[in-house]
Amino acid sequence: MAQGSWYDADIDHVIISEEQIREKIAELAKEVSADYASAPEGLLLVCVLKGAVMFVADFARALGRHGPPVELEFMALSSYGQAATSSGVVRIRKDLDREIAGRHVIVVEDIVDSGLTLSWLLRYLESREAASVEVVALFRKPDAIQVAVPVKYVGFDIPSEFVVGYGLDFAERYRELPYVGVLKPEVYARS
Ligand code: PRP
């Protein structure tokens with residue numbers, strides 16, 4: 230396990246190391262660069278706050294090495310509540326700052342869990358007439374999927390455990406960990 234952070238005492242074990250994340254992001258960026266090599270107008274990365282902030286920062290810089298030019302947009306979404314969540318209804322807390330019609334869009338997500346957020350978001354972005362919309366998700370929990378969503382680029386499939394780090398939080402904490410780890414049960418039992 231990585232040493233030195235006071236958070237380390239709360240982590241049961243690391244499931245994806247900092248180095249694995251770095252290598253995977255380089256691979257994903259290479260793949261995306263190849264796929265969009267003939268899109269000289271570049272890519273619009275739509276980052277879904279807050280969890281995807283770490284990923285989009287590293288992914289955009291990795292694309293910058295070989296890929297098409299990128300522009301960044303940010304959206305903040307929240308579910309209406311438990312009942313509405315199961316229908317995939319989400320509320321926009323922060324919308325795109327500009328039109329995306331005719332643009333090649335890649336949604337940048339930290340994690341696909343049930344798939345409900347993405348399923349809603351893809352319909353929304355398509356209604357805004359993007360030229361194309363694809364998804365890159367660094368993590369996916371295949372066991373938790375409730376709706377099938379077309380995620381073209383996936384970093385890691387992970388088990389449905391309580392994981393934190395690299396953008397993933399528990400009660401807004403642990404996002405800054407450079408690796409992904411499983412939280413000790415006593416940590417979430419405390420709250
Ligand atoms: C997470 C993640 C996705 C969503 C995925 O965000 O960033 O947006 O949940 O879950 P789903 O597939 O079940 O819809 P969260 O609502 O935890 O907000 P955060 O990124 O601000 O932590």
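Count along the sequence shown from 1, add 229, and you get the number used in the numbering used here. We treat Cβ as the ideally placed atom computed from N, Cα and C, and that holds for glycine. None of the values given here were measured: they were computed from a predicted structure.
8 Å contact criterion, which residue i and residue j should meet: CB distance rounded
i       : j       : result
Arg-322 : Leu-347 : About 16 Å separates the two Cβ atoms, so there is no contact after all.
Ile-240 : Lys-413 : 7 Å
Leu-292 : Val-261 : 6 Å
Gly-280 : Asp-398 : 7 Å
Coil, strand or helix - residue i by DSSP
i       : result
Gly-394 : strand
Lys-370 : coil
Ser-307 : strand
Ser-356 : helix
Arg-402 : strand
Asp-342 : coil
Ser-348 : helix
Val-364 : strand
Val-378 : coil
Thr-314 : The predicted model places Thr-314 with a pLDDT of 44, which falls under 50 and marks its position as unreliable, so this point remains unresolved.
Local Cβ density within 10 Å of residue i, reported as buried at 16 or more and exposed below that
i       : result
Arg-294 : exposed
Arg-320 : exposed
Ala-258 : buried
Tyr-417 : exposed
Arg-369 : buried
Asp-287 : buried
Arg-332 : buried
Glu-300 : exposed
For residue i, the first and last residue of its enclosing alpha helix (DSSP H)
i       : result
Tyr-382 : That residue, Tyr-382, is in no alpha helix (DSSP H); its beta strand (DSSP E) goes 382–386.
Element boundaries [beta strand (DSSP E), containing residue i]
i       : result
Asp-241 : 240–245
Lys-273 : A small correction: the amino acid at residue 273 is Leu; Lys does not occupy that position in the sequence shown. First-last of the beta strand (DSSP E) with Leu-273: 272–278.
Gly-331 : Gly-331 -> no beta strand (DSSP E), and no H or E assigned at all.
Val-319 : 319–323
Gly-293 : Where Gly-293 is concerned, there is no enclosing beta strand (DSSP E), although the alpha helix (DSSP H) it sits in stretches over 282–295.
Leu-412 : 409–412
CB contact below 8 Å: residue i versus chain C
i       : result
Pro-297 : The structure shown contains no chain C; it is built from a single protein chain.
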